[in-house]
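For the record, in the sequence shown the residue sitting at position 61 is 61 according to our numbering, with numbers rising by one throughout.
Glycine included, each C-beta is placed from N, C-alpha and C at the ideal position.
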Amino acid sequence: MAEDLHIITGSKSAQYEALFPQIKALLAGESDLTANLANIAAALKEQFLWWWVGFYLVKGEELVLGPFQGPVACTRIRKGRGVCGSSWAEGKTLIVPDVEKFPGHIACSSLSRSEIVVPLFRDGIVWGVLDVDSEHPDHYDEIDREWLEKIVALLG
Ligand code: SME
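This is the structure:
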């Protein structure tokens, strides 16, 4: 497909509904993981203008920074640490309405106020996480969980 994103306005669900097939098309026919992670991060950032969107990938006992959009970020997070390391350890999506109330939150950016982290699974094993941050409090909800889980499932 042409590498142009069709940005739409409207409800959050409507935005995800329009974005999802476009992300699917971007991934179709491309097997390179870095390219696909980079395009997912870029597409989410372009549509939603979130503060930070990116991936951390499991390497040994740590998550290591992968493709992202936004300000420079922490490069390594240990299993069980912060929101990302907790999502990995627990194997589930974590929605954090107020990062200051999450014990052990890792403040890569002092402007981040809320966050959602979605684990990436292959054969039941977490191999990375998608981390999305907002400068607004309480910015993510079950709609984001549902759609972001669907989006990362495209990675197979
Ligand atoms: N806040 C995350 C760290 C990653 S940055 O937000 C990009 C955490 O607590 O795991």
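In this structure, does DSSP put residue i in helix, strand or coil?
i, result
"I40", "helix"
"D113", "According to the sequence as given, residue 113 is Arg; it is not Asp. Three-state DSSP puts R113 in coil, outside helix and strand."
"P21", "helix"
"D144", "helix"
"E192", "In this structure the chain extends from 1 to 156, so residue 192 is not present and cannot be described."
"G29", "coil"
"G91", "coil"
"I7", "coil"
"I126", "A small fix is needed here, since residue 126 is Val in this sequence, not Ile. In the structure shown, V126 sits in a strand (DSSP, three-state: E or B)."
"R106", "It is worth fixing the name first, because residue 106 is Ile in this sequence and not Arg. In this structure, I106 counts as coil in the three-state DSSP scheme."
"G54", "strand"
"G82", "helix"
"V99", "helix"
Just to confirm my understanding: we take residue i, look at its own chain, exclude 5 residues before and 5 after, and list those with CB closer than 6 angstroms. What are they?
i, result
"D141", "none"
"S87", "L94, V117, P119 and V129"
"A89", "K79 and G80"
"Y16", "W147"
"L26", "N39"
Please work out which residues of its chain come closer than 8 angstroms, Cβ to Cβ, to residue i, disregarding the five sequence neighbours upstream and downstream, and give them in chain order.
i, result
"R145", "T93, I95, I116 and V118"
"D98", "R113, S114, P137 and D138"
Are the Cβ atoms of residue i and residue j separated by less than 7 angstroms?
i, j, result
"I77", "L63", "yes"
"P71", "S109", "yes"
"L155", "K24", "no"
"I106", "G82", "yes"
"L37", "G60", "no"
Please determine whether the Cβ atom of residue i lies at a distance below 6 angstroms from any heavy atom of the ligand SME.
i, result
"A42", "no"
"A73", "yes"
"V118", "no"
"G82", "yes"
"H105", "yes"
"W52", "yes"
"D144", "no"
By Cβ distance, which residues of its chain are closer than 7 angstroms to residue i, with the 5 residues on each side in sequence left out?
i, result
"Y40", "The displayed chain sequence assigns Ile, not Tyr, to residue 40. Taken in chain order, the residues that qualify are I23 and I151."
"E149", "T93 and V118"
Looking at chain D, is there any beta carbon in it that lies within less than 7 angstroms of the beta carbon of residue i?
i, result
"E146", "No chain D is part of this structure, which consists of one protein chain only."
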